[in-house]
Amino acid sequence: MDLAGGTGSLLRRWWHWLLLLAGVATLQWLFRTVDSFPAGLDTFFSDPIDRFARWSQANRRTHWLFTTIFNPFSDAVRVGLNSVESALLWVPWFVLPIAVFLLVARSRNRLQAVVASLAMAYPGVVGLWEVTVETLALMTIAVLFSVLLGVPLGVACALHQRVNQAMRPVLDAMQTVPAPVYFVPMALFFGIGAVPATMATVIYALPPVVRLTTLGIMEVPSQAVEASTVFGASRRQTLRKVQLPMAMPTIMAGVTQTIMMALGIVVLATLLGAGGLGQEVMATLTQRRTGRGIATGLTVVAIAVVLDRVGRAIAGMDRSTAPGRMVTGMAIGGVLSLVLVGRVVGWIDFPEMWDVKAFDPIDDLMDWIRDNLRWFTRGMNDAVIIWFYLPVRDFLTETLAWPVLVFGTAWTGWRVRNWHLAVFIAGALTFIGLIGMWDLSIDTLTQVVAAVILSVVIAIPVGIWAGQSRRVEAALGPLLDAFQTIPSLVYIIPAVTLFTVGVVPGIIASVIYALPPGVRITALGISQVPEESLEASEMFGASPRQTLIRVRLPLAAATIMVGINQVIMMVLAMVIISGLVGGGGLGFETVSAVKNSDVGIGFEVGAAIVAMAMVLDRLTQAGADRFRPPAAT
Amino acid sequence: MTIGEGQSASLEVEGVWKVFGQRPDRALAMADDGRSRAEIQEVTGQTIGVRDVSFEAHKGETFVVMGLSGSGKSTLVRCVARLTDVTRGVVRLDGRDLTAMDEADLRQIRRDKMSMVFQHFGLFPHRRVIDNVGYGLEVQGLRRDERHERAERVLDLVGLEGWGDHYPQQLSGGMQQRVGLARALVVEPAVLFFDEPFSALDPLIRREMQEELLRLQASMHRTIVFVTHDFDEAIKLGDRIAIMKDGEFDQVGTAEDLITRPATDYVREFTKAVSRAKVLTASSVMDDDAVVPASRSVSRGTSVEAIIALLLADPEPIAVVGEDGERVGSVDRSAVIELI
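Protein chains in written order, with our numbering: chain F, 82 to 714; chain L, 46 to 385.
Quick look at the structure:
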């Protein structure tokens with residue numbers, strides 16, 4: 082082939098790289114004098130929203146929108162919260178642990194029943210029962226709303242293609258957006274307190290129940306539906322008598338997930354002024370009492386354990402194995418008489434046993450670590466800040482002209498998926514810049530990148546290890562469970578104690594928060610590789626290392642990328658939350674906007690976070706697809 | 046084509062046991078006392094996968110292990126290939142004890158001497174066909190161009206020329222298993238293991254693949270251990286066949302042995318539906334004593350089907366001759382009719 086043809090094919094092969102190079106160079110040169118993103122729409126959103134906020138503040142007691150809709154609604158929710166709370170406090174303290182024991186022992190083994198019962202008693206034992214009850218009330222009402230709203234929505238999605246198409250992007254967005262973003266609009270409509278916290282929890286926890294209801298109904302075999310139709314059932318009858326009952330296990334799985342999501346957020350909801358465990362965690366955070374923070378965090382874990390075991394006990398109840406009606410009746414009668422006895426004797430409140438002070442030795446340990454491992458914590462702090470955070474942030478905001486970043490990211494989107502994604506990314510990033518959130522977003526992005534790199538470097542090797550050994554996976558299981566259930570705020574406490582306020586504790590807490598899904602999904606991908614592929618590799622004389630590199634990892638790559646996607650989304654959520662401890666960036670703005678009811682700014686920051694979350698999500702999902710082997714034809 | 050006559054190896058399997066569970070010693074002790082598989086399962090919770098199996102696959106022989114699902118045939122082939130460790134017993138390849146080998150030696154002997162074709166193909170979806178076929182060469186450390194050259198030659202051999210750049214899942218089931226076959230052949234193995242390789246294929250494609258394997262084996266003479274649940278496939282491909290049930294061999298023999306002298310009712314059950322005329326030969330229908338005068342003769346190995354054709358043309362009895370041309374017996378219409 083002649084030289085011209087050679088360069089021609091080279092050009093054809095590399096032209097997209099050349100395009101990137103040329104684009105970057107041109108844009109960098111053209112915009113070399115421009116400092117930052119021209120925030121042309123800086124006040125475009127915040128002004129009208131602020132105006133509406135002021136108006137709503139002024140008219141809260143007079144305008145019909147509030148007097149006939151929001152306020153009565155708020156009142157109803159408040160009544161609900163209060164009644165659940167007082168009902169739980171009315172019950173004598175020893176009744177719930179016993180009831181939980183009986184319920185779990187009925188269909189599961191004794192040991193689990195004892196564990197669940199102890200977990201039920203835990204909040205009272207550490208003297209947090211009253212606070213826990215506040216949180217439980219909030220959760221109960223929020224989950225109730227989610228189910229009442231979510232199941233019909235899910236049914237509508239399953240039955241009407243168009244509703245489904247409209248809902249899907251909304252649900253996607255709801256699941257990618259970090260929770261604090263919901264707080265601002267809630268504050269706008271419901272003010273501050275337990276009611277907006279409940280509503281924010283409803284929105285946050287809604288997607289799983291909708292999704293799984295839709296899935297459950299769509300999964301009902303078409304033959305069952307046809308059979309029902311053939312017998313002359315109306316659509317409503319078919320839905321009630323065939324589709325819903327057959328979808329029930331899936332719907333219940335959705336409800337369980339919704340409950341867990343709600344549990345994950347109720348602590349954070351304290352930012353909106355809800356009391357309960359969240360407030361307690363915040364207090365320990367400001368006092369940097371790691372021990373008490375952990376004690377409080379474990380309350381949430383205990384609730385999760387109780388809900389999980391009781392949920393499984395109810396789901397696993399099978400007429401053939403369950404004890405007869407007599408036994409059940411006696412158990413219920415027994416519990417009721419316990420309630421009666423407790424009330425009559427006046428043995429109602431938890432006796433004072435311990436309280437959270439019992440966990441104070443952990444503080445001493447943390448102090449000891451802080452004092453004696455200062456060389457390490459300080460060194461790590463400085464390394465992250467001086468060698469990574471500051472240079473990267475400054476490079477992205479100062480050295481690089483903003484159009485270069487927009488172009489480069491859009492180019493990546495184009496390469497991993499198509500030009501639709503490129504246009505979407507360019508639009509989203511431009512939007513962030515125009516509303517004046519450019520520098521804050523880059524700041525947050527830099528923290529996200531640092532935390533993601535650290536998480537991935539830890540999670541992937543551990544996940545690969547766990548994926549190849551059932552024993553390792555079993556050993557890691559409970560630890561990862563605990564990491565996933567302990568409220569994210571709790572992680573920040575030791576991080577702040579060790580690393581002082583700033584960017585680093587947020588990054589550390591984000592890493593801890595994001596590790597479990599990273600490890601789990603990697604392990605899943607590794608263990609899902611078909612046995613036959615591994616046998617084939619072994620049969621051809623491949624060493625375990627060769628099999629890992631040539632077969633296991635490539636086949637698990639797409640799943641591992643999904644794990645990285647999860648890690649990124651969780652890190653983003655946590656970096657936002659770490660605005661509480663001086664993390665800076667969008668997080669700090671969100672937190673202060675919620676605290677100061679600075680609604681306009683709050684909306685803008687929220688919009689920037691949403692845009693960033695969607696860009697990161699779509700990019701990594703498209704990236705994951707690239708790792709999938711081509712589909713069968 | 047390079048895959049011609051070449052190395053081949055003998056495979057000896059001696060008293061192999063496989064027990065699944067945490068305490069195989071207890072199960073073995075009970076088994077030695079003569080307890081049944083079900084009993085042992087009941088008492089110890091251990092499952093006996095393979096129970097005291099011995100056989101020898103000679104150089105160039107196709108040895109078929111036939112059994113229904115749960116009979117332990119797949120476990121057996123995995124034990125022999127040492128994809129799982131045997132609980133007790135010895136497997137020897139050309140006299141070398143596979144069961145006692147460490148990982149490194151085993152790996153080396155796999156690279157040099159063995160390969161396998163899997164039931165669900167076991168292809169790698171992330172690799173193109175050519176890189177699937179070249180996998181064995183790749184782990185041996187061969188250079189890319191050499192790998193590709195050899196892989197392409199074998200792809201031609203199995204009728205897949207020009208498909209190297211596709212991904213396996215883009216091919217039909219039959220073609221996928223041709224890739225599996227090519228991948229196994231390219232390393233020029235002395236022993237080939239087939240774990241129900243054609244059971245996932247349509248009947249027509251299955252027959253086509255069986256013919257293909259017979260054609261290849263006719264020129265390469267490798268030692269083959271072939272596992273199947275299909276008795277017709279077993280008699281078509283196997284020089285000798287082992288019928289496996291509950292982890293044990295019920296009977297080992299040629300197709301003719303099994304049909305004419307089934308050792309158990311279980312074996313008889315399988316042979317019932319077989320078209321005897323296709324499998325049986327002159328030697329099993331002939332009358333040894335009656336050296337009747339005959340103008341025509343056939344060899345001992347002639348199938349009954351062919352003899353029927355001759356007898357239809359001319360009802361006179363036919364002489365049967367041995368290898369040296371000496372007359373050993375005769376076949377007439379009544380003998381054939383009795384058989385069928």
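Glycine included, each C-beta is placed from N, C-alpha and C at the ideal position. What you are looking at is a predicted structure, and each value in this text was computed from that prediction instead of being measured.
The beta strand (DSSP E) enclosing Trp62 of chain L, as first and last residue numbers: As a working mapping, residue 62 of chain L is identified with position 17 in the second sequence. Where Trp62 of chain L is concerned, the enclosing beta strand (DSSP E) stretches over 56 to 65.
Among F:Gly235, F:Ala275, F:Arg191, the one whose alpha carbon lies nearest that of Val391 of chain F: Within the first sequence, residue 391 of chain F is the residue found at index 310, counting from 1. Of the candidates F:Gly235, F:Ala275, F:Arg191, the one whose C-alpha sits nearest the C-alpha of Val391 of chain F is F:Arg191.
Assigned exposure category for Ala509 of chain F - 16 Cβ within 10 Å defines buried: As a first step, residue 509 of chain F is located in the first sequence; it is residue number 428 there, counting from the start. When all chains shown are included, Ala509 of chain F counts as buried.
Within chain L, partners of Ser614 of chain F - CB distance below 7 Å: The residue given as residue 614 of chain F occupies position 533 in the first sequence. Chain-ordered, the chain L residues with CB closer than 7 Å to the CB of Ser614 of chain F read Gly167, Phe169.
Own chain residues within Cβ distance below 6 Å of Glu350 of chain L, not counting five before or after: Here residue 350 of chain L is taken as the residue at index 305 of the second sequence, counted from 1. The residues Ala322, Lys323, in chain order, have a CB closer than 6 Å to that of Glu350 of chain L in the same chain once the five nearest residues on each side in sequence are set aside.
Burial state of Glu84 of chain L (16 or more Cβ within 10 Å): Working through the second sequence from its first residue, we reach residue 84 of chain L at position 39. Flag for Glu84 of chain L reads exposed.
Partners in chain L for Leu419 of chain F, counting only beta-carbon separations shorter than 7 Å: Residue numbering aside, residue 419 of chain F sits at position 338 when the first sequence is read from its first letter. Within chain L, no residue comes near Leu419 of chain F; the closest Cβ sits about 41 Å away, beyond 7 Å.
Interface flag, Thr365 of chain F vs chain L, CB-CB below 8 Å: Your numbering for residue 365 of chain F matches position 284 in the first sequence. So, not an interface residue.
Residue-level contact to chain F via CB, Arg378 of chain L, 8 Å cutoff: The count along the second sequence starts at 1 and reaches residue 378 of chain L at position 333. Chain F, which has no Cβ nearer than 8 Å to the Cβ of Arg378 of chain L, makes this no.
As assigned by DSSP and simplified to three states, the class of Gln609 of chain F: As a working mapping, residue 609 of chain F is identified with position 528 in the first sequence. Of the three classes helix, strand and coil, the one that applies to Gln609 of chain F here is coil, per DSSP.
Neighbouring residues, chain F, relative to Arg156 of chain L (Cβ below 8 Å): As a position in the second sequence, residue 156 of chain L is number 111, starting the count at 1. Simply Phe621, Gly622.
Cross-chain neighbours of Pro635 of chain F in chain L, by beta carbon under 7 Å: Numbered from 1 along the first sequence, position 554 holds the residue referred to as residue 635 of chain F. Those within 7 Å of Pro635 of chain F in chain L are His171.
Cβ-based neighbour list, Val185 of chain F, same chain, cut-off 7 Å, excluding 5 preceding and 5 following: Counted from its first residue, the first sequence places residue 185 of chain F at position 104. Closer than 7 Å at Cβ, skipping near neighbours: Gln193, Ala194, Ala197, Arg390, Val391, Ala394.
Per-residue contacts from Ala126 of chain L into chain F (C-beta, under 7 Å): Against the second sequence, residue 126 of chain L aligns to sequence position 81. Simply Met620.
Closest residue to Phe271 of chain L among L:Asp377, L:Val110, L:Leu246 (Cα-Cα distance): Numbered from 1 along the second sequence, position 226 holds the residue referred to as residue 271 of chain L. For the residues L:Asp377, L:Val110, L:Leu246, the minimum Cα distance to Phe271 of chain L belongs to L:Val110.
C-beta neighbour in chain F for Gly181 of chain L, strict 8 Å: Counting from one through the second sequence, the residue named residue 181 of chain L turns up at place 136. Yes - at least one Cβ of chain F is within 8 Å of the one on Gly181 of chain L.
Helix, strand or coil at Glu50 of chain L [DSSP, three-state]: Here the question's residue 50 of chain L lines up with position 5 in the second sequence. Caution applies to Glu50 of chain L, whose pLDDT of 47 falls short of 50 and renders its modelled position unreliable; the value that the coordinates give is listed next. In this structure, Glu50 of chain L counts as coil in the three-state DSSP scheme.
Short CB-CB distance (under 8 Å) between Phe540 of chain F and chain L: Position 459 of the first sequence, counted from the first residue, corresponds to residue 540 of chain F. At residue 540 of chain F the sequence reads Ala, which differs from the Phe that was named. Cβ-Cβ to chain L under 8 Å: no for Ala540 of chain F.
Continuous alpha helix (DSSP H) assignments of at least 4 residues falling wholly in the stretch 293 to 358 of chain L: Given a length threshold of 4 residues, each whole run of the alpha helix (DSSP H) inside the stretch 293 to 358 of chain L is given here in chain order: 300 to 305, 310 to 317, 321 to 324, 327 to 330, 349 to 358.
Contact under 8 Å by Cβ, Ala703 of chain F with Leu502 of chain F: Here the question's residue 703 of chain F lines up with position 622 in the first sequence. Here the question's residue 502 of chain F lines up with position 421 in the first sequence. It is a contact, given that the beta carbons lie within the stated cut-off.
Ranges of the alpha helix (DSSP H) found wholly within the stretch 323 to 354 of chain F, counting only runs of at least 4: If we require 4 residues or more, the alpha helix (DSSP H) runs fully inside the stretch 323 to 354 of chain F come out as 325 to 347.
Closer than 8 Å to chain F by CB, Val184 of chain L: Walking along the second sequence from the start, residue 184 of chain L turns up at place 139. So yes, Val184 of chain L belongs to the interface.
Proximity of Leu128 of chain L and Leu56 of chain L at Cβ, strictly below 8 Å: Taking the first residue of the second sequence as position 1, residue 128 of chain L is located at position 83. Taking the first residue of the second sequence as position 1, residue 56 of chain L is located at position 11. In this structure, Leu56 of chain L does not lie closer than 8 Å to Leu128 of chain L by Cβ.
Residue-level contact to chain F via CB, Val232 of chain L, 8 Å cutoff: Against the second sequence, residue 232 of chain L aligns to sequence position 187. At least one chain F Cβ lies under 8 Å of Val232 of chain L.
C-beta contact flag for Arg71 of chain L and Thr89 of chain L at 8 Å: As a working mapping, residue 71 of chain L is identified with position 26 in the second sequence. As a working mapping, residue 89 of chain L is identified with position 44 in the second sequence. Cβ atoms of Arg71 of chain L and Thr89 of chain L: closer than 8 Å.
For Pro484 of chain F and Leu100 of chain F, the rounded distance between their alpha carbons: Here the question's residue 100 of chain F lines up with position 19 in the first sequence. Here the question's residue 484 of chain F lines up with position 403 in the first sequence. Their backbone Cα atoms lie some 15 Å apart in a straight line.
Chain L within 8 Å of Val497 of chain F, Cβ atoms only: Start at 1 with the first residue of the first sequence, and residue 497 of chain F comes out as number 416. It does not: the Cβ of Val497 of chain F has no partner Cβ on chain L nearer than 8 Å.
Continuous alpha helix (DSSP H) assignments of at least 4 residues falling wholly in the stretch 65 to 139 of chain L: Scanning the stretch 65 to 139 of chain L from its first residue to its last, the whole alpha helix (DSSP H) runs of 4-plus residues come out as 69 to 77, 82 to 89, 118 to 125.
Minimum Cβ-Cβ distance from Arg152 of chain L to chain F less than 8 Å: Working through the second sequence from its first residue, we reach residue 152 of chain L at position 107. Yes, its Cβ sits closer than 8 Å to a Cβ of chain F.
Counted within 10 angstroms of its Cβ, other Cβ atoms place Val95 of chain L as buried (16 or more) or exposed: In the second sequence, the residue the question calls residue 95 of chain L occupies position 50. Buried, because 16 or more other Cβ atoms sit within 10 Å of the Cβ of Val95 of chain L.
First and last residue of the uninterrupted beta strand (DSSP E) at Thr268 of chain L: By one-based count along the second sequence, residue 268 of chain L stands at place 223. Per DSSP, Thr268 of chain L belongs to the beta strand (DSSP E) from 268 to 273.
CB contact check: Pro710 of chain F to chain L, cutoff 8 Å: Numbered from its first residue, the first sequence carries residue 710 of chain F at position 629. For Pro710 of chain F, the answer is yes, since a Cβ of chain L falls inside 8 Å of its Cβ.
Beta-carbon spacing of Val224 of chain F, Thr294 of chain F below 8 Å: By 1-based counting over the first sequence, the position of residue 224 of chain F is 143. By 1-based counting over the first sequence, the position of residue 294 of chain F is 213. No, the pair does not count as a contact, with Cβ atoms beyond the cut-off.
Below-8 Å beta-carbon distance, Ser160 of chain L vs any chain F residue: In the second sequence, the residue the question calls residue 160 of chain L occupies position 115. Answer yes: the Cβ-Cβ gap between Ser160 of chain L and chain F drops below 8 Å somewhere.
Cα-Cα separation between Leu170 of chain F and Phe125 of chain F, rounded to whole angstroms: Translated into the one-based positions of the first sequence, residue 170 of chain F becomes position 89. Translated into the one-based positions of the first sequence, residue 125 of chain F becomes position 44. Near 49 Å, if we compare the C-alpha coordinates of Phe125 of chain F and Leu170 of chain F.
Cβ neighbour criterion (16 or more within 10 Å) applied to Glu50 of chain L: Along the second sequence, one-based indexing puts residue 50 of chain L at 5. Because Glu50 of chain L sits at a pLDDT of 47, beneath the cut-off of 50, its placement in the model cannot be relied upon, and the following sentence gives the value as read from the coordinates. Exposed: under 16 other Cβ atoms inside 10 Å.
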